[in-house]
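**Q** As numbered in the working numbering, the sequence shown has no gaps in its residue numbers, which increase by one up to the final residue, 515. Quick reminder that beta carbons are idealized off the backbone N, C-alpha and C, glycines included. The structure under discussion is supplied below as structure tokens; questions concerning it will follow.
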Amino acid sequence: MATVATRVCLRRTLILAPLLLSAMFDEQPIVRARFVLDFPRKTKSCSFAVEIPVAGGSFAYLRVELGDVAAFVAAANLILETVIGTAAVARAWTSYLASLVNRPVSALRVHVPSFGEGYDELDPIASAVILATAIMAMLSTKGSSRFNWVASTVHLLVLAFIIVAGFVHAKPCNLTPFVPYGVPGVFRSAAVVYFAYSGFDSIANMAEETKNPSRDIPLGLIGSMSVITAIYCTMALTLTMMQPYTAIDRSAAYSVAFAAVGMRWMQYVVAVGALKGMTTVLLVGALGNARYATHIARSHIIPPVFALVHPKTGTPIHATALITGASACVAFLSSLDVLASLLSISTLFIFVMIATALLVRRYHARGVTSRAHGRLLAALVLAIVGSSAGIAACWGSAPERWTGYAALVPVWAAATLGVQLLLPVARVPTKWGVPLVPWLPSLSIATNIFLMGSLGASAFVRFGVCTAVMLLYYVLVGLHATYDVAHEEEDDAAADEKAAAATDVEKSGAGDAGR
1 MATVATRVCL RRTLILAPLL LSAMFDEQPI VRARFVLDFP RKTKSCSFAV
51 EIPVAGGSFA YLRVELGDVA AFVAAANLIL ETVIGTAAVA RAWTSYLASL
101 VNRPVSALRV HVPSFGEGYD ELDPIASAVI LATAIMAMLS TKGSSRFNWV
151 ASTVHLLVLA FIIVAGFVHA KPCNLTPFVP YGVPGVFRSA AVVYFAYSGF
201 DSIANMAEET KNPSRDIPLG LIGSMSVITA IYCTMALTLT MMQPYTAIDR
251 SAAYSVAFAA VGMRWMQYVV AVGALKGMTT VLLVGALGNA RYATHIARSH
301 IIPPVFALVH PKTGTPIHAT ALITGASACV AFLSSLDVLA SLLSISTLFI
351 FVMIATALLV RRYHARGVTS RAHGRLLAAL VLAIVGSSAG IAACWGSAPE
401 RWTGYAALVP VWAAATLGVQ LLLPVARVPT KWGVPLVPWL PSLSIATNIF
451 LMGSLGASAF VRFGVCTAVM LLYYVLVGLH ATYDVAHEEE DDAAADEKAA
501 AATDVEKSGA GDAGR
């Protein structure tokens, strides 16, 4: 499982290292520290995958612990995450194609000045690549798997060559100044860098298919994350030592960097490797992203037609078409900066919910936890979330004022301590579990909300609009569908009980007659 998980993560996320360096708005040498900063927050899914080894990832965990509303919000954000991630990779595909043919990126896109900033460069090539890889994945799963193996091997060799060649031309003086935008710049970029870790939920989603989830999931998730984080940091260090951070190109970072140090031929090697890697990511995404939509459709939160699997190819045609169509539209219209910020805030929000669900799972169990303790848990969790949001707001509005932190940090600490001292533990993990509960989940809530607050107002506006549309759909469609399904299941269960009771009566009557 560890080997397979590492390979899956490499194919899905390895290309995002150079992609993110071109997407971030304030590139600086300390970028590699941000990848390390984002590492610990992924362990929460590991605990749920071990304790609840079912398909569906975050959606399944939140549905068990926080109910259908929270699960739907997570499901909608997961679908949004897959759509935006696919679109972002496809937009970067166009950028590296332009580098390969020695043309500026704008030459391969359609410029429409009347559209707003971030939406004024239409990208038909990105949409075409998404459609082509999805069709390939739907028609031949075996052929796609072979291509993935070859492309992954070539991509890893190219990355190793890029790192070695980059360090040959590295200049330590380019690391000065090390933090040119200060601490606020580090946190703003760390929030965007979270984009790079958006593929790891696929491992937790494979929990149902593993023989030993308590061993395989932690090993696969933490092991693959360690490898990926090391590669991200190494590539970030290579790039920032090759060029001053102010000269890094946002569209094709490594290609332009090698051209600047006199290795113009390397831009073609980089472009070919990047195109192969991104094509692999799109193929794997086309095969795997529909898994979420299929699982969600089985709960009837979205129409169950998306759960249907083609009898010949064995692929979820409708779910794949849903993700592919949405991704192609987004890739056609939106720039990489817009996609990165929206994907980051969506992913951060999901992990706030997962950390909250972890607290609920550890300190609340139906039939075990009293009503008073349940209310106290709700109040303390609200205090943790509220104080974390307040700290983020203080940082965003007036980071130099310490009075807000002096008031809110003790509230967060007291609420977390209250969970530890005032609430009895309802569930103790029998296998692998997150350590330092409630402090680690509470810290995860605080850091994720803090990073969300570092993304800027425009990201919140886009996320707010998307969330409003999601909730409107749930109120008008999803709520009624799940309610009807729940009542059908209750009616079926009642009918089965009546049939069983009638059978028992008949058997007892026959026995009496025989006697």
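1) Based on the DSSP secondary-structure assignment, which residues constitute the bridge partners of GLU121?
2) Going along the chain, which residues of its own chain have a beta-carbon closer than 6 Å to the beta-carbon of ALA271, five neighbours each way excluded?
3) Once the 5 residues before and after PRO113 are set aside, which same chain residues still bring their CB inside 7 Å of it?
4) Have a look at SER299 and PRO218 and give me their C-alpha separation to the nearest angstrom.
5) Output yes or no for whether 8 Å exceeds the beta carbon distance between GLY390 and GLY404.
6) Keeping to the same chain, check which residues put their C-beta closer than 7 Å to that of CYS466; ignore five residues upstream and five downstream.
7) Nearest CA to the CA of ILE231: which residue from ILE163, GLU117 and THR294?
8) Alpha carbons only, please: which of GLY325, ALA260 and ASP337 is nearest the one belonging to ALA459?
9) For the alpha helix (DSSP H) containing ILE323, list its first residue and its last residue.
10) Kindly indicate which residue of PRO244, LEU421 and THR234 has the alpha-carbon position closest to the one of PRO180.
11) Quick one: grab the DSSP three-state call for ALA457.
12) Can you tell which of VAL360, PRO177 and ARG401 has its C-alpha closest to the C-alpha of ARG427?
13) Counting Cβ pairs, one atom from each stretch, are 3 or more of them under 8 Å apart for the region 123-134 and the region 273-293?
14) Could you tell me the alpha carbon to alpha carbon distance between ARG362 and LEU339, rounded to whole angstroms?
15) Use the C-beta contact count for LYS276: other C-beta atoms within 10 angstroms, 16 or more gives buried, fewer gives exposed.
16) How far does the alpha helix (DSSP H) with TRP412 in it extend, from its first residue to its last?
17) Return helix, strand or coil for TYR292, following the three-state DSSP convention.
18) Nearest CA to the CA of ARG291: which residue from VAL269, HIS318 and GLY273?
19) Tell me which residues share the same chain as LEU443 and place their Cβ nearer than 7 Å to its Cβ, disregarding the 5 neighbours each side in the sequence.
20) Keeping to the same chain, check which residues put their C-beta closer than 6 Å to that of TYR474; ignore five residues upstream and five downstream.
21) Can you name, in chain order, every residue of its own chain whose Cβ lies under 7 Å from the Cβ of HIS111, other than the five neighbours on each side?
22) Roughly how many angstroms separate the alpha carbons of ASP26 and MET235, rounded to a whole number?
23) Which residue from THR240, LEU417 and ALA170 puts its Cα closest to that of PRO177?
24) What do you reckon, are the CB atoms on ALA331 and SER127 nearer than 8 Å?
25) Using DSSP with H/G/I as helix, E/B as strand and the rest coil, what is LEU62?
26) How is the alpha helix (DSSP H) around ILE231 delimited, first residue to last?
27) Any contact between the region 392-402 and the region 343-359? By contact I mean 3 or more CB pairs, one from each, below 8 Å.
28) Going by CA-CA distance only, name the one from MET470, LEU455 and TYR61 that's closest to GLY185.
29) Report the rounded CA-to-CA distance for ALA413 versus ALA170, giving the unit in angstroms.
30) Any idea what DSSP makes of ASN77, helix, strand or coil?
31) Out of curiosity, what's the CA-to-CA distance linking ILE445 and ALA107?
32) When you compare only the Cα positions, how much space is there between MET452 and ALA92?
33) CB MET138 to CB THR313, shorter than 8 Å?
**A** By the coordinates alone:
1) DSSP output for GLU121 lists HIS111 as bridge partner(s).
2) TYR96, SER99, LEU100 and SER255
3) Non-local beta-carbon contacts of PRO113 in its own chain, meaning distances under 7 Å to residues more than five positions away in sequence, involve ASP120 in chain order.
4) Rounded to the nearest angstrom, the two C-alpha atoms are 27 Å apart.
5) For GLY390 and GLY404, yes; Cβs fall inside 8 Å.
6) LEU80
7) ILE163
8) The option with the nearest alpha carbon to ALA459 is ASP337.
9) Segment 317-333, the alpha helix (DSSP H) holding ILE323.
10) Selected option, being the one with the closest Cα: PRO244.
11) Helix.
12) It is VAL360.
13) In the pairwise beta carbon analysis, the region 123-134 is classified as touching the region 273-293: at least three pairs are separated by under 8 Å.
14) 35 Å
15) buried
16) 403-422
17) Here DSSP, grouped into helix, strand and coil, assigns TYR292 to helix.
18) Nearest Cα to ARG291 within the set VAL269, HIS318 and GLY273: HIS318.
19) none
20) PHE72
21) ASP120 and GLU121
22) Since pLDDT at ASP26 reaches only 46, below the 50 mark, its modelled position is unreliable, and the value read off the structure follows with that caveat. Those two C-alpha atoms are separated by around 17 Å.
23) By alpha-carbon distance to PRO177, the top candidate from THR240, LEU417 and ALA170 is THR240.
24) In terms of Cβ geometry, ALA331 and SER127 form a close pair [threshold 8 Å].
25) Looking at LEU62 - three-state DSSP - the assignment turns out to be helix.
26) 213-242
27) no
28) LEU455
29) A straight-line Cα-Cα distance of about 44 Å links ALA413 and ALA170.
30) Looking at ASN77 - three-state DSSP - the assignment turns out to be helix.
31) Computed Cα separation, rounded: 43 Å.
32) 24 Å
33) yes
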